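First residue of the sequence shown? That's 18 in the working numbering, and the numbers climb one at a time after it.
Before any comments, here is the structure.
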Amino acid sequence: MHRSKNMGVLLFMLVTGVLIGSLLGAVLSRFIPLLSYGPGPLGIKEFGIDLSIISFQLSLLIDLNLAGLLGVIIAVLIFKKL
């Protein structure tokens with residue numbers, strides 16, 4: 018039980034780190050262009066299922082950049098200190 022709780026906290030911190038890092042990277046990229054460097058969007062562009070009665074469209078894209086990576090690294094360091 019304790020290990021699954023730690024994994025949940027780690028997952029939350031990783032997601033928070035990448036979101037805050039990417040947000041700061043978008044804001045600060047005007048002043049520090051290196052923060053926006055990255056491979057661009059990665060993932061599933063569009064996936065659809067049509068079941069006649071209902072249809073689903075799913076898209077999962079992750080826009081990776083240096084600022085998001087730095088956010089993840091900081092989140093892991095904070096998690097290790099907890």
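Note that beta-carbon positions come from the ideal geometry of N, C-alpha and C, so glycine has one too.
Quantities reported herein were computed from a predicted structural model and do not represent experimental measurements.
Discussion item. Buried or exposed for G85, going by 16 or more other Cβ atoms inside 10 Å?
Written reply: buried
Item to complete: Can you grab the Cα-Cα spacing for the pair V93 / L68, in whole Å?
Response: 42 Å
Discussion item. Using only CA atoms, which one of G25, I49, L78 and T33 lies nearest to I90?
Written reply: T33
Discussion item. Quick check for students: name the residue ranges of the beta strand (DSSP E) that lie wholly in the stretch 26-95, counting only runs of 3 or more.
Written reply: 57-67 and 72-81
Item to complete: Mark M24 as exposed unless 16 or more other C-beta atoms lie within 10 angstroms of its C-beta, in which case mark it buried.
Response: exposed
Worksheet item: Expressed to the nearest angstrom, what Euclidean distance is found between the alpha-carbon atoms of L45 and I71?
Response: 43 Å
Worksheet item: Is it the case that the CB of T33 approaches a heavy atom of the ligand PLP more closely than 7 Å?
Response: No copy of the ligand PLP occurs in the structure displayed, which carries no ligand at all.
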